Each structure stands twice: as structure tokens, then as C-alpha cells.
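Trainee:
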Amino acid sequence: MDNVELNQALITLVEKKMELGRLSYSDASYDEVEEELHDLEDAFVDKYGGYLESVFEGVHDKHCPDSDVLLPTAYLANKYLKTGQKEDGSFEYDVASYQEGVVVDSDDYDIARLVLIPNPIRIVLFAKDGKHRENVWEGK
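Using the numbering used here, read the sequence shown as starting at 5 and increasing by one per residue.
(1) Rounded to the nearest angstrom, what separates V74 and V8 at their Cα positions?
(2) With a cut-off of 8 Å on the beta carbons, I'd call Y97 and L80 a contact; round off their distance for me.
(3) Determine the extent of the alpha helix (DSSP H) in which A13 is found, giving its start and end residues.
(4) Would you kindly work out how many angstroms separate the C-alpha atoms of Y113 and A78, rounded to a whole number?
(5) Can you give me the C-alpha to C-alpha distance between A32 and H67, rounded to a whole angstrom?
(6) How is the alpha helix (DSSP H) around L41 delimited, first residue to last?
(7) Quick check: F130 and Y102, are their CB atoms within less than 8 Å of each other?
(8) Taking the C-alpha atoms as reference points, what is the distance between L10 and V49?
(9) At a cut of 8 Å, does the segment 85-95 reach the segment 106-121 through at least three beta carbon pairs?
(10) Taking DSSP as the reference, what is the three-state secondary structure of K86?
(11) Decide if Y29 is buried, meaning its Cβ has at least 16 other Cβ atoms within 10 Å, or exposed.
(12) CB I15 to CB P124, shorter than 8 Å?
(13) If I measure Cβ to Cβ from E23 and keep anything under 7 Å in the same chain, skipping five residues before and after, which residues do I get?
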């Protein structure tokens, strides 16, 4: 899998989510942006879903074997933040809260969540009310 291409597709998806998040429901362009987001999500799953599901299966096997693997778009945060800028001019991203992502059953933590974050593309496990944060997979 071309993780550079995958990362760029995820950035495009995250940017569209951020654009939608800045709009109110009454905004004239809300429905159009929401439809664009759904189209991007569908295309993302069509192109990268099989690969990412196998990645998530490995993560689940190691960290939360009792939880079912969902579609990759389920692991997207509702709100992302730009946290910096890389030398190439691209942005670094993080999530706004440790309460983002998919709740999973973990043997090690009472409550754990997995979230997919771009640039670099990675899966982060949050636990202990955000006091534990671990990159459990990173695309190279």
C-alpha cells in the first residue's frame, strides 16, 4: 500500500470534516459540504478499506481482541486540530479530545478508544481519561 497516497486521502477527508465543523446547520453550503464529505468517505473506504481493515485487525488482536473491527471511517474523530506545520509545508494533525474515536474493550484499561489521525498516518489508543496515549500503528 502506498501510505503517502493513503495519508493524503486521509488529510483530504479530515480537512473536509474540519470545513463542515466550521459551518452551522443553517449555513447555505452545509448540505453541499456534508454531501462532499460522504462522497469522500465512500471513496476512501472503496480504495483503502480492505487495507485499513487488515491494519485495524492487527491492532485489535493486540490491544482489544474482544472488540469488532469497524469500517475505517468509524475511527475518524469528530474534531481534528492542526497542531503544527512540517518542513514541507503540510500540517500536523491531532484530535481535539481523548474522547474521540471508537470505544474498544481493552484488557489493560477500563475505557479505551482508537482513532485514526493523519500526517503521519497513525492509529492512536487513548485510555485512562487521556492520561495514556499510545501510537499503536503508524504507516511508513
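Positions of the beta carbon are idealized from the N, C-alpha and C atoms, including for glycine. These numbers were taken from a predicted model, which means no experiment stands behind them.
Mentor: The relevant details are as follows:
(1) One point to set straight first is that residue 74 is Leu, not Val, in the sequence displayed. Roughly 23 Å between the two C-alpha positions.
(2) That pair is no contact at about 11 Å.
(3) From DSSP, the alpha helix (DSSP H) with A13 extends over 7-25.
(4) 21 Å
(5) 43 Å
(6) 34-67
(7) The answer is yes: Cβ separation under 8 Å.
(8) Spanning the two alpha carbons is a distance of roughly 11 Å.
(9) no
(10) Correct three-state label for K86: strand.
(11) exposed
(12) no
(13) The answer, listed in chain order, is V37.
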